[in-house]
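Engineer:
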Amino acid sequence: MTKPKKSQLMKPATAALKLDIYLPATPQEFQESLVSREDLDELQRNPPQWLADLRREGPHPRNVVAARLRISNSGLARAGITEALTTAQIADLAANPPEWLVRERATHAETQREQRRLQERQQDATEKVTVPAKPAKSAKPARRQSPTSRGGRSPRR
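Going left to right, the sequence shown walks through residues 1 to 157 as the UniProt record's numbering numbers them.
1) What residue from Arg117, Glu104 and Ala25 has the CA that sits closest to Ala67's CA?
2) Does the segment 77–89 come close enough to the segment 45–54 that 3 or more CB-CB pairs lie under 8 angstroms?
3) Assess contact between the segment 4–24 and the segment 35–45, defined as three or more Cβ pairs (one per stretch) separated by less than 8 angstroms. Is contact present?
4) From the DSSP output, in three-state form, read off Leu118 for me.
5) Give every residue of the same chain whose Cβ lies closer than 6 angstroms to the Cβ of Ser36, excluding the five residues on either side of it in the sequence, and list them in chain order.
6) Identify, in the order they occur along the chain, each residue of the same chain with its Cβ nearer than 7 angstroms to the Cβ of Phe30, setting aside the five sequence neighbours on each side.
7) With a cut-off of 8 angstroms, do at least 3 Cβ pairs link the segment 56–65 to the segment 83–98?
8) Going by beta carbon distance, what residues of the same chain come within less than 8 angstroms of Val65, once the five residues before and after it are set aside?
9) Return the first residue and the last residue of the alpha helix (DSSP H) that Ala75 is part of.
10) Roughly how many angstroms lie between the CA atoms of Ser74 and Ala125, to the nearest whole one?
11) In the DSSP assignment, what are the bridge partners of Val35?
12) Since Ala94 contacts Leu69 with CB under 8 angstroms, what's their CB separation in whole angstroms?
13) Which value, in whole angstroms, describes the spacing of the CA atoms of Glu38 and Glu99?
14) Measure the C-alpha to C-alpha separation of Ile71 and Ser33 and round it to an integer number of angstroms.
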């Protein structure tokens with residue numbers, strides 16, 4: 001008889017990361033309890049009202065802010081943005097982009113173009129590498145000839 005599997009638990013910070021939410025903005029009960037994989041799956045399938053509101057209005061974690069502004073996480077750091085931003089703040093930045101945002105978007109776009117180019121180059125290189133065809137085998141393998149049959153000396157005894 002096999003024992004039933006124990007549900008794997010994760011810290012609230014890990015669950016918040018997987019849900020793409022800002023942990024300090026979550027309810028206190030979420031922050032203080034461990035989350036099972038089943039609970040996480042249920043939160044993703046049927047998000048409660050607080051989770052839906054948090055995803056819609058924010059505050060959002062850095063990775064979400066960077067994705068919505070179409071820049072990298074490093075770009076946020078270079079711009080000095082360390083706090084979580086709400087959806088309204090992100091929309092305001094996108095509507096009236098400051099100079100740093102325009103510059104970071106260009107940098108991010110160039111980096112992505114370069115990554116795509118390298119991936120295509122690598123893909124082309126792997127497609128060009130082909131296994132050389134083996135020579136066709138004859139119907140009967142050639143027998144190795146002894147030195148005497150080739151006209152050589154017979155081995156000494």
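C-beta: ideal position from N, C-alpha, C; glycine also.
Structural biologist: The structure says:
1) Glu104
2) no
3) yes
4) helix
5) Ser7 and Leu9
6) Pro12
7) yes
8) Leu76, Ile81, Ala84, Leu85 and Ile90
9) The question names Ala, but residue 75 in the sequence shown is Gly. From DSSP, the alpha helix (DSSP H) with Gly75 extends over Asn73 to Ala79.
10) 31 angstroms
11) Met10
12) 6 angstroms
13) 45 angstroms
14) 33 angstroms
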